[in-house]
Amino acid sequence: MYLPVRELVTCDTGMLEGLESLDLLCIDDLDALSEPSLGESWQQAFFHLFNRCREAGCRWLVSAAVSPRELPLTLPDLVSRMQWGIVRQVPRLDEDSMFAFWTERARERGIVIDDEVRQFIMRRATRDLPALLHLLDELDHLSLAEQRRITVPFIKKVTGW
331 MYLPVRELVT CDTGMLEGLE SLDLLCIDDL DALSEPSLGE SWQQAFFHLF
381 NRCREAGCRW LVSAAVSPRE LPLTLPDLVS RMQWGIVRQV PRLDEDSMFA
431 FWTERARERG IVIDDEVRQF IMRRATRDLP ALLHLLDELD HLSLAEQRRI
481 TVPFIKKVTG W
């Protein structure tokens with residue numbers, strides 16, 4: 331199960347109950363637990379969830395903007411638990427890799443992105459993968475709605491570039 335910590339603000343900590351029965355939890359942006367909007371109760375809840383998961387054999391895959399030692403959490407026991415596993419730094423994608431990933435994602439959806447379109451987007455789009463994927467979603471949705479291929483004029487119309 332995927333748990334985006336930044337989106338938990340509107341939820342109750344009770345939503346974490348029973349998750350230890352899963353095989354794998356993918357927890358994104360764990361460092362967001364330090365945000366005041368979540369409060370220390372969420373850190374406590376994740377600490378207890380970790381312990382229940384360890385006992386039940388549920389594995390965790392965690393992402394954070396910093397290493398476990400640098401997590402800006404106020405609960406030392408949770409910080410220490412996050413140091414128990416294997417830690418890997420995932421490097422940022424360089425520009426070419428980012429656009430190759432974007433083009434591959436388009437291809438997986440059945441969208442043909444020719445070189446002219448790719449170059450146009452590379453010259454104008456932000457170098458932020460989530461924003462690029464959002465752009466792909468928007469182009470995909472609108473091209474289907476309007477029954478149009480994704481071309482430079484279509485992109486200009488959609489984005490205002």
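Residue numbers (this note's numbering): 331 to 491.
Note that CB positions come from ideal geometry on N, CA and C, so glycine has one too.
Query: Report yes if the C-beta distance between residue 350 and residue 388 is below 7 Å; otherwise report no.; Result: yes
Query: Using the Cα positions of residue 403 and residue 418, report the straight-line distance between them to the nearest angstrom.; Result: 20 Å
Query: Is the segment 384–398 in contact with the segment 432–439, if contact means three or more CB pairs nearer than 8 Å?; Result: no
Query: For a quick check, are the C-beta atoms of residue 335 and residue 354 less than 7 Å apart?; Result: no
Query: For residue 401 versus residue 379, is the C-beta distance shorter than 7 Å?; Result: no
Query: Going by DSSP, what residues sit across from residue 491 in a beta bridge?; Result: Residue 491 pairs with nothing; no bridge assigned.
Query: Residue 383: buried (16+ other C-beta within 10 angstroms of its C-beta) or exposed?; Result: buried
Query: Identify every residue that forms a DSSP beta bridge with residue 392.; Result: 357
Query: Rounding to the nearest angstrom, what Cα-Cα distance links residue 362 and residue 338 in this structure?; Result: 10 Å
Query: What does a CB cutoff of less than 8 Å around residue 463 pick up in its chain, not counting 5 residues either side in sequence?; Result: 432, 435
Query: Quick check: does the Cβ of residue 417 come within less than 6 Å of any heavy atom belonging to the ligand MG?; Result: With respect to small molecules bound, the structure shown includes none, and the ligand MG cannot be examined in it.
Query: Where do the N-terminal and C-terminal ends of the alpha helix (DSSP H) with residue 334 fall, by residue?; Result: Element bounds for residue 334: not the alpha helix (DSSP H) but the beta strand (DSSP E), 332–334.
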